[in-house]
Amino acid sequence: MTIIIKSEKEIAAMRRAGKIVAMILKIMVGKIRPGMETKELDIIAAKELEKCGARSSFKGYRGFPANLCVSVNEEIVHGIPGKRVLREGDIVSLDFGAIFDGFQGDVALTVGVGRISKKAKELIDTTRGALEAGIKAARDGARLGDISHAIQNYAESRGYSAVREYTGHGIGRDMHEEPQIPNFGPPNSGPVLKKGMILALEPMVNIGDWRTRVGDDQWTVLTADGNLSAHFEHTIAITDSQPEVLTEEVYA
Ligand code: MG
291 MTIIIKSEKE IAAMRRAGKI VAMILKIMVG KIRPGMETKE LDIIAAKELE
341 KCGARSSFKG YRGFPANLCV SVNEEIVHGI PGKRVLREGD IVSLDFGAIF
391 DGFQGDVALT VGVGRISKKA KELIDTTRGA LEAGIKAARD GARLGDISHA
441 IQNYAESRGY SAVREYTGHG IGRDMHEEPQ IPNFGPPNSG PVLKKGMILA
491 LEPMVNIGDW RTRVGDDQWT VLTADGNLSA HFEHTIAITD SQPEVLTEEV
541 YA
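First residue of the sequence shown: 291, per this note's numbering; consecutive thereafter.
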C-alpha cells in the first residue's frame, strides 16, 4: 500500500478544492425545502461549479450521471438526484466531490427536510459525532485503525451501527487513493499516519443493522433492513498537531 504524502504546495491546492466543495455544499443545503425535486440540487451544483471553474468528481465516474449524490432516508450513499420530491420529515444526505486545479475535495452531510423526528435528529447528531471522533483520532504517529475504531465505537456505544461495506479513502489528484478507511476495526492496527497524508473520512451510520443492499438503479445503496441512515464526510490533512479540516466551510 502506498499512501501519498502531499507537499505543502499540494496541500495548499487541496485547501482550495476543499473550500470550493464545502462552499457549494453549503449553498445546496440552503436551498433544501419540502416539495423540491432532488435534481434541483444537481442543477445548483452544476451552476456553482461552473462559476468556480471546477468540475464534479462524481459525474462520469464509472458512468455516474450526476454532479453529486443525493440519498434520502433509508438510502445510505450513491443516490442519483432525479424526480424524487423531498417531503417534510425526510432526511437527505448530500455527498459532493469536485476537482479544482488538479486536486480533489470530498464532503458530505445529512440534513433534515423541514421538521424531522427526534429519532432522525439523534441519528444525524450521532453520525456527525462519529466523524468528529474519527478526525480527533487522525494524528501523526497514530494508526489508521485508531480512526476506524473511534468511528465504530462512537456509533455502537450509542446503539447505532456503522456501515462496513463502504469506506473512507485517501484523496489527492485522484478521488480515491490509498488507504481505504473502514468505519470499523481494531485500534492500534494498520498503517501509521504521517503528516502530509490527506484523508476523506466518511462514517455512514444506521439506526438498525449495518448491512446494505444496492437498489434497482444499480447505484443507490440502501440499508438492508429499511431503517434510516446518515452520512458525514470531511477531507482532512494530517499535521504535526491536530488535523486540518479542508472542507470546514460547510459549518461556517
Ligand atoms: Mg468520499
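Cβ atoms here follow ideal geometry from the backbone N, Cα and C, with glycine treated the same way.
Values in this document were obtained by computation on a predicted structure and should not be read as measured data.
- Task: Please determine, among 533, 455, 450, 523, the residue with the shortest C-alpha to C-alpha distance to residue 486.
- Result: For residue 486, the closest of 533, 455, 450, 523 by C-alpha to C-alpha distance is 533.
- Please list, in chain order, all residues of the same chain as residue 439 whose beta carbon is under 7 angstroms from its beta carbon, the five residues on each side excluded. Contacts found: 475, 476, 477.
- Query: Does the beta-carbon distance from residue 312 to residue 529 come in below 8 angstroms?
  - Reply: For residue 312 and residue 529, no; Cβs fall outside 8 angstroms.
- Message: Pairs of beta-carbons, one from the region 353-372 and one from the region 494-512, closer than 8 angstroms: are there three or more?
- Response: Counting Cβ pairs under 8 angstroms, three or more are found: they touch.
- Nearest-angstrom Cβ-Cβ length linking residue 457 and residue 443, presumed shorter than 8 angstroms: Rounded, the Cβ-Cβ distance is 17 angstroms, inconsistent with contact.
- Task: Give the range of the alpha helix (DSSP H) segment to which residue 436 is assigned.
- Result: In the DSSP annotation of this structure, the continuous segment of the alpha helix (DSSP H) that includes residue 436 starts and ends at 434-446.
- Query: CB of residue 490 to nearest heavy atom of the ligand MG: below 7 angstroms?
  - Reply: Here the distance from the Cβ of residue 490 to the nearest heavy atom of the ligand MG is below 7 angstroms.
- Buried or exposed: residue 292, going by 16 or more other Cβ atoms within 10 Å of its Cβ? Flag for residue 292 reads exposed.
- Query: Applying the criterion that 16 or more other CB atoms from any shown protein chain within 10 Å of the CB defines a buried residue, is residue 351 buried or exposed?
  - Reply: Exposed: under 16 other Cβ atoms inside 10 Å.
- Query: Say the cut is 7 angstroms; is the CB of residue 521 nearer than that to a heavy atom of the ligand MG?
  - Reply: No, the ligand MG has no heavy atom inside 7 angstroms of this Cβ.
- Message: Within 8 angstroms, do at least three Cβ pairs link the region 321-336 to the region 402-418?
- Response: As far as the Cβ criterion goes, the region 402-418 touches the region 321-336, which means the pair count is three or higher.
- Query: Among the residues of its own chain, which have a CB less than 8 angstroms from the CB of residue 514, if the five just before and after it don't count?
  - Reply: So the qualifying residues of the chain are 499, 501, 502, 503.
- Query: Cβ-heavy atom distance between residue 515 and the ligand MG below 7 angstroms?
  - Reply: Answer for residue 515: no, Cβ out of range of the ligand MG.
- Item | residue 542 (DSSP reduced to helix, strand or coil) | In this predicted model, residue 542 has a pLDDT of only 41, less than 50, meaning its place in the structure is not dependable; the value taken from the coordinates is given anyway. Of the three classes helix, strand and coil, the one that applies to residue 542 here is coil, per DSSP.
- Per DSSP, what kind of secondary structure is residue 292 in: helix, strand or coil? Residue state, collapsed to three classes: coil.
- Can you tell me the Cα-Cα spacing of residue 306 and residue 408, whole angstroms? The straight-line gap separating the alpha-carbon atoms of residue 306 and residue 408 is approximately 36 angstroms.
- Return the first residue and the last residue of the beta strand (DSSP E) that residue 399 is part of. Counting along the chain, the beta strand (DSSP E) containing residue 399 begins and ends at 393-402.
- Have a look at residue 304 and residue 516 and give me their C-alpha separation to the nearest angstrom. If I take the Cα positions, the gap works out to 37 angstroms.
- Query: Can you give the beta carbon distance from residue 359 to residue 385, rounded, assuming they're within the 8 angstroms contact cut?
  - Reply: Contact flag correct, Cβ pair sits at about 4 angstroms.
- Query: For residue 320, does the count of other Cβ atoms within 10 angstroms reach 16, so buried, or fall short, so exposed?
  - Reply: Exposed is the call here.
- Taking C-beta to C-beta, are residue 437 and residue 427 nearer than 8 angstroms? Yes, the Cβ-Cβ distance between residue 437 and residue 427 is below 8 angstroms.
- Query: To the nearest angstrom, how far is it from the Cα of residue 448 to the Cα of residue 413?
  - Reply: Taking the straight line joining both Cα atoms gives about 10 angstroms.
- Could you name the residues of the same chain whose beta carbon sits closer than 7 angstroms to that of residue 470, not counting the 5 residues immediately before and after it, in chain order? Apart from the 5 residues on each side of it in sequence, residue 470 sits with its Cβ closer than 7 angstroms to the Cβ of 457, 459 in its chain, given in chain order.
- CA nearest to the CA of residue 434, picked from 462, 489, 422: The shortest Cα separation from residue 434 among 462, 489, 422 belongs to 489.
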